[in-house]
């Protein structure tokens with residue numbers, strides 16, 4: 164059963180097209196990821212789905228309700244955690260929670276089972292003003308407030324941006340627990356490594372959906388053999404590497420380059436070329452593509468997809 168159904172949705176700001184003819188479905192009870200860099204259109208799409216923006220074209224339904232015509236009904240059953248911390252900074256942790264519970268005509272006690280694993284991190288700071296919390300604690304408080312009314316669908320817009328690695332892991336562990344409660348979770352992130360934590364993902368760039376599949380399905384669709392090139396002083400050698408005509412693609416990944424070859428070229432020819440320009444130590448390893456490799460390959464062709 165489709166919990167979210169998006170059909171041909173577009174939205175522009177002045178002359179800038181934020182999202183363009185997006186069509187997408189999210190299944191009931193699914194943990195679905197919208198993956199893309201800053202400016203790809205993730206927040207615009209989330210604001211349309213949470214009734215905060217009107218689409219220019221197309222339509223979307225969430226839990227069977229149209230996001231334009233049924234916005235009042237939807238706002239009672241959705242949970243939304245925006246990318247920017249937007250709770251009341253001068254209210255304490257407990258006061259923020261009580262406030263949102265009253266807005267939705269419920270109480271902390273009524274749905275405490277839903278947030279107890281998250282709130283245990285916050286309880287020692289329950290009297291502290293929200294504005295004085297660390298980034299990770301603000302994130303947990305925002306999630307508690309988005310869950311306090313037990314939403315049918317939970318929208319999380321870049322929830323782990325700007326928090327430390329430990330808090331990121333804790334957050335994704337929490338999402339796994341929430342999924343067991345039957346909540347449909349739609350999360351956006353610019354972090355490609357978080358894609359593997361979702362059941363299905365959509366890759367978005369320049370307002371277009373490039374691919375929708377499981378993380379493994381996307382990795383398996385990579386069309387070429389992929390290699391990692393390791394060299395000392397690799398950054399200074401980039402101009403010379405670009406002169407080698409046998410490379411199909413070359414992208415920097417940490418201390419190495421991920422490369423693919425054109426037909427007729429291979430690792431031995433690149434090694435010979437690098438030796439000819441004075442590079443004695445060359446290491447080229449065959450590797451399995453990750454989501455980021457797939458994303459960069461798709462960007463080169465920029466073929467929109469729907470799912």
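In this note's numbering, the protein residues as written are 164 to 470.
Positions of the beta carbon are idealized from the N, C-alpha and C atoms, including for glycine.
Are there 16 or more other CB atoms within 10 angstroms of the CB of residue i, so buried, or fewer, so exposed?
i: residue 449; result: exposed
i: residue 436; result: buried
i: residue 405; result: exposed
i: residue 330; result: buried
i: residue 208; result: buried
i: residue 426; result: exposed
i: residue 179; result: exposed
i: residue 401; result: exposed
i: residue 456; result: buried
i: residue 210; result: buried
i: residue 241; result: buried
i: residue 164; result: exposed
i: residue 232; result: exposed
i: residue 460; result: buried
i: residue 228; result: buried
i: residue 196; result: buried
i: residue 440; result: exposed
Among residues of its own chain, excluding the 5 on either side of residue i, which ones have a beta-carbon nearer than 7 Å to its beta-carbon?
i: residue 313; result: 274 and 277
i: residue 213; result: 241, 243 and 318
i: residue 433; result: 407, 409 and 447
So the beta strand (DSSP E) residue i belongs to, where does it begin and stop?
i: residue 352; result: 347-352
i: residue 300; result: Note, residue 300: premise wrong, no beta strand (DSSP E); alpha helix (DSSP H) at 298-310.
i: residue 183; result: 179-190
i: residue 450; result: 446-450
i: residue 231; result: First-last for residue 231: undefined, no H or E at that position.
i: residue 373; result: 371-376
Could you give the C-beta distance for residue i and residue j, rounded to a whole number, given that I count them as a contact under 8 Å?
i: residue 306; j: residue 271; result: Not confirmed; about 14 Å, so no contact.
i: residue 246; j: residue 220; result: Going by Cβ atoms, the distance from residue 246 to residue 220 rounds to 25 Å, so no, they are not a contact pair.
i: residue 497; j: residue 335; result: A query on residue 497 cannot be resolved here, the shown segment of the chain reaching from 164 to 470 and no further.
i: residue 255; j: residue 292; result: 6 Å
Kindly identify the DSSP beta-bridge partner or partners of residue i.
i: residue 413; result: 422
i: residue 165; result: 190
i: residue 170; result: 222
i: residue 195; result: 349 and 363
Mind checking which residues open and close the alpha helix (DSSP H) that includes residue i?
i: residue 431; result: 430-439
i: residue 264; result: 256-266
i: residue 385; result: Unbroken run through residue 385: none, as it is neither H nor E.
i: residue 209; result: 205-212
i: residue 329; result: 328-342
i: residue 251; result: From DSSP, residue 251 is part of no alpha helix (DSSP H); its letter is neither H nor E.
When the cut-off is 8 Å and only beta carbons count, does residue i lie next to chain C?
i: residue 447; result: The structure shown contains no chain C; it holds only a single protein chain.
Apart from the five residues on each side of it in sequence, which residues of its chain come closer than 6 Å, Cβ to Cβ, to residue i?
i: residue 267; result: 312
i: residue 234; result: 214
i: residue 414; result: 421 and 459
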